[in-house]
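Participant:
Residue numbers (my numbering): 35 to 540.
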């Protein structure tokens, strides 16, 4: 079939007039006809922007022995390729079952009124002969939409649709609005690609697909540092590919491996723990992993000062990126420059620890707050002056974990006796709101491993710690913040980007 470059009634490249639905339905019908003509036992339909990351998906769907079955696909929201409810007019209907299935709180293969985007038809089943994508059934009166037309066809054929979620099968992007652009479509798909890489190998393009060259840049920063332990090649490879897909250029910095530090090295650096420091959850002292983490950041601050870098971004190697990360961060930094804000540190990823009241919004800069007590150093921007202050504090002789040190330096640490050891505590610290990077894994999740907390006590290499497995509340996911403490003043009015479309009501 000839592929039209545009459709008569369309108002933009993401608009779906009836002529576009008709074209897609005819394509699917042609594929179904071709499968039947070849006496195929099965036909698998997969939308071009769906990613099947589980190589056993086809075998697993065949084993279900259903006429019409789909693997549940994941997205950056509750959106997926099935509905649990449908109105008499054929539209999406909210149900209590949907989130339970989508979030794997119930697992199995479930009868549902709608599957779409990726699904398998068993052509050996007699009833499958009645399935059609086009033309619509003679009794069809619902809205002219390809997935609704096919759901009606399935119902009229007496075929039950099923969605399976026993395993993780793959990903699909969120649907866009009719007014959105092809650039936004590309960003949407890139985010789907990088989410798929968090726990799996990269999804490689087909040899028959032409992929445009990427042109990585530093997003307006003087340098972007990515901290990585040499022995964690898995993280390095994933991060470099993830950054490349987003067209972000970084300098890889070899992290200081706390597990390899010995007592003589610590003495040579004059490192001593801040008197009285104890981990707030486990009451353990500083670990060598935490010293290694601190030194990794410290040596970056030294390079910032030595090279006189005015604006630098630092990211760790275990982060996942918010949708449209590059666009949002560049816009935030541009807004900060326009407002001539005097800043020295800006968190782009953290765990907010002060959750009793909102943080103060920054005038004339949306999506930015004055940082209160926070954990984690997943990602942050630092200025030349900020790096000078952190180095000037001479922290080696009174060391505590780097994510405890930073709140001390901007005078927001809740333990007053820690702050007494640092006379100058006027670091100008802010945070993106909402955050732009998050951990790839949290305590208790599969594949979670802390290289900072799993090591030895700082002054006794015979005492090992494994706090990430047993005590590490620090690495747990951010708890729900009460509405009274949310940073609402820093947020713009709800963007049309997040307004539900006909296929995205969740």
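Every residue, glycine too, gets a C-beta built ideally from N, C-alpha and C.
Fair warning: this is a prediction, and the values are worked out from it, not measured in the lab.
So is residue 179 buried or exposed if we call it buried at 16+ other beta carbons inside 10 Å?
Facilitator: By the neighbour-count rule (16 or more Cβ atoms within 10 Å), residue 179 is buried.
Participant: With residue 426 as the anchor, note down where its alpha helix (DSSP H) starts and where it stops.
Facilitator: Residues 418-426.
Participant: Starting from residue 362, trace the alpha helix (DSSP H) both ways and give me its first and last residue.
Facilitator: That run of the alpha helix (DSSP H) goes 359-372.
Participant: What is the rounded straight-line gap between the Cα of residue 62 and the Cα of residue 246?
Facilitator: Distance between the alpha carbons of residue 62 and residue 246: 27 Å.
Participant: Within 10 angstroms of the Cβ of residue 214, are there 16 or more other Cβ atoms? Answer buried if so, exposed if not.
Facilitator: By the neighbour-count rule (16 or more Cβ atoms within 10 Å), residue 214 is buried.
Participant: Between the beta-carbon of residue 88 and the beta-carbon of residue 202, is there less than 9 Å?
Facilitator: Contact flag set, yes.
Participant: Which residue wins for smallest C-alpha separation from residue 35, given the options 46, 44 and 56?
Facilitator: Among 46, 44 and 56, the Cα nearest to that of residue 35 is on 56.
Participant: Count the other CB atoms, across all protein chains shown, that sit within 10 Å of the CB of residue 468; report buried if there are 16 or more and exposed otherwise.
Facilitator: Residue 468 is exposed by the Cβ-count criterion.
Participant: Excluding the 5 residues preceding and the 5 following residue 417 in the sequence, name in chain order all residues of the same chain whose CB lies nearer than 6 Å to its CB.
Facilitator: Only 378 meet the Cβ criterion.
Participant: Under the three-state reduction of DSSP, which class applies to residue 222: helix, strand or coil?
Facilitator: Helix.
Participant: What would DSSP say about residue 328, mapped onto helix, strand or coil?
Facilitator: Looking at residue 328 - three-state DSSP - the assignment turns out to be helix.
Participant: Thinking residue 105 and residue 175 are a contact (beta carbons under 8 Å), I'd like their distance in whole angstroms, please.
Facilitator: No, residue 105 and residue 175 are not in contact; Cβ-Cβ is about 31 Å, not under 8 Å.
Participant: Just checking, does the stretch 421-439 make contact with the stretch 338-346 on the three C-beta pairs under 8 Å criterion?
Facilitator: Segments in contact, yes.
Participant: Taking only three categories from DSSP, how would you classify residue 410?
Facilitator: Strand.
Participant: Measuring CA to CA, which of 237, 315, 109 and 131 is closest to residue 118?
Facilitator: Taking only the C-alpha atoms, the option nearest residue 118 is 131.
Participant: On the CB-based measure, 16 or more other CB atoms within 10 Å of its CB, does residue 91 come out buried or exposed?
Facilitator: By the neighbour-count rule (16 or more Cβ atoms within 10 Å), residue 91 is buried.
Participant: Write down the C-beta distance between residue 263 and residue 291 rounded to the nearest angstrom, noting that I regard them as a contact closer than 8 Å.
Facilitator: Sure, about 6 Å apart at Cβ, within 8 Å.
Participant: Considering only DSSP beta bridges, list what residue 346 is partnered with.
Facilitator: Per DSSP, 257 and 416.
Participant: From the DSSP output, read off the bridge partner residues of residue 20.
Facilitator: The displayed coordinates of the chain run from 35 to 540. Any statement about residue 20 would go beyond what the structure contains.
Participant: To which residues of the same chain is residue 146 closer than 6 Å at the C-beta, ignoring the five residues directly before and after it?
Facilitator: For residue 146, where only same-chain residues beyond five positions count, the Cβ hits under 6 Å are 116, 118, 195 and 197.
Participant: Comparing C-alpha positions only, which one of 268, 351 and 345 sits nearest to residue 330?
Facilitator: Minimum Cα distance to residue 330 is reached at 351.
Participant: Given a cut-off of 9 Å, decide if residue 212 and residue 49 are closer than it, judged by their beta-carbon atoms.
Facilitator: Contact: yes.
Participant: As a quick exercise: from 66, 256, 393 and 385, pick the residue whose alpha carbon is nearest that of residue 525.
Facilitator: Comparing Cα-Cα distances from residue 525 to each of 66, 256, 393 and 385, the minimum goes to 393.
Participant: Could you check which residue in 38, 322, 217 and 522 has the C-alpha nearest to that of residue 298?
Facilitator: The option with the nearest alpha carbon to residue 298 is 322.
Participant: Go to residue 452, then tell me how far its alpha helix (DSSP H) extends in each direction, as first and last residue.
Facilitator: Start and end: 450-453.
Participant: Hey, how far is the Cα of residue 103 from the Cα of residue 77?
Facilitator: Their Cα atoms are separated by approximately 11 Å.
Participant: Report yes if the CB atom of residue 191 is closer than 9 Å to the CB atom of residue 150, and no otherwise.
Facilitator: Not in contact: residue 191 and residue 150 (Cβ atoms no closer than 9 Å).
Participant: Going by beta carbon distance, what residues of the same chain come within less than 7 Å of residue 436, once the five residues before and after it are set aside?
Facilitator: Closer than 7 Å at the Cβ level, and outside the excluded window around residue 436, lie 327, 328, 331 and 411.
Participant: Is DSSP giving residue 85 helix, strand or coil here?
Facilitator: Residue state, collapsed to three classes: strand.
Participant: Report yes if the CB atom of residue 358 is closer than 9 Å to the CB atom of residue 225, and no otherwise.
Facilitator: Going by C-beta atoms, residue 358 is nearer than 9 Å to residue 225.
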